[in-house]
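Student:
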Amino acid sequence: MMPEQDEKRDYRGAEARRSAVQRRRDRIVAEIERNRRGEYWLPTWAMVAILLAIIAGWASLVIFA
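Here you go:
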């Protein structure tokens, strides 16, 4: 007797895209939940400070160049 082979799902075409979209959606939802619990790795005020420093540096290059 031949051993039975496990049936494997055939991921092709639309089903593969749907699966990839669902995994991405799950990652996004998990990240949002972590952020709501306060588990983000960079505080918002730090992101704002970095963004302002980048904008100020770029503006100074444009104005004084």
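For the sequence shown, full-length UniProt numbering gives the first residue as 1, with consecutive numbering after it.
For every residue, glycine included, the Cβ atom is placed at its ideal position computed from N, Cα and C.
Predicted model, so just to flag it, every value in this text is computed and none were measured.
1. Output the boundary residues of the alpha helix (DSSP H) element that contains W45.
2. Grab the span of the alpha helix (DSSP H) containing E31 for me, first residue to last.
3. Roughly how many angstroms lie between the CA atoms of E39 and I50, to the nearest whole one?
4. Can you give me the C-alpha to C-alpha distance between G13 and I32, rounded to a whole angstrom?
Tutor: With the structure as the only source:
1. Element bounds for W45: T44 to F64.
2. Per DSSP, the continuous alpha helix (DSSP H) segment holding E31 begins and ends at G13 to R36.
3. Pairing E39 with I50, the inter-Cα distance amounts to about 20 Å.
4. About 29 Å.
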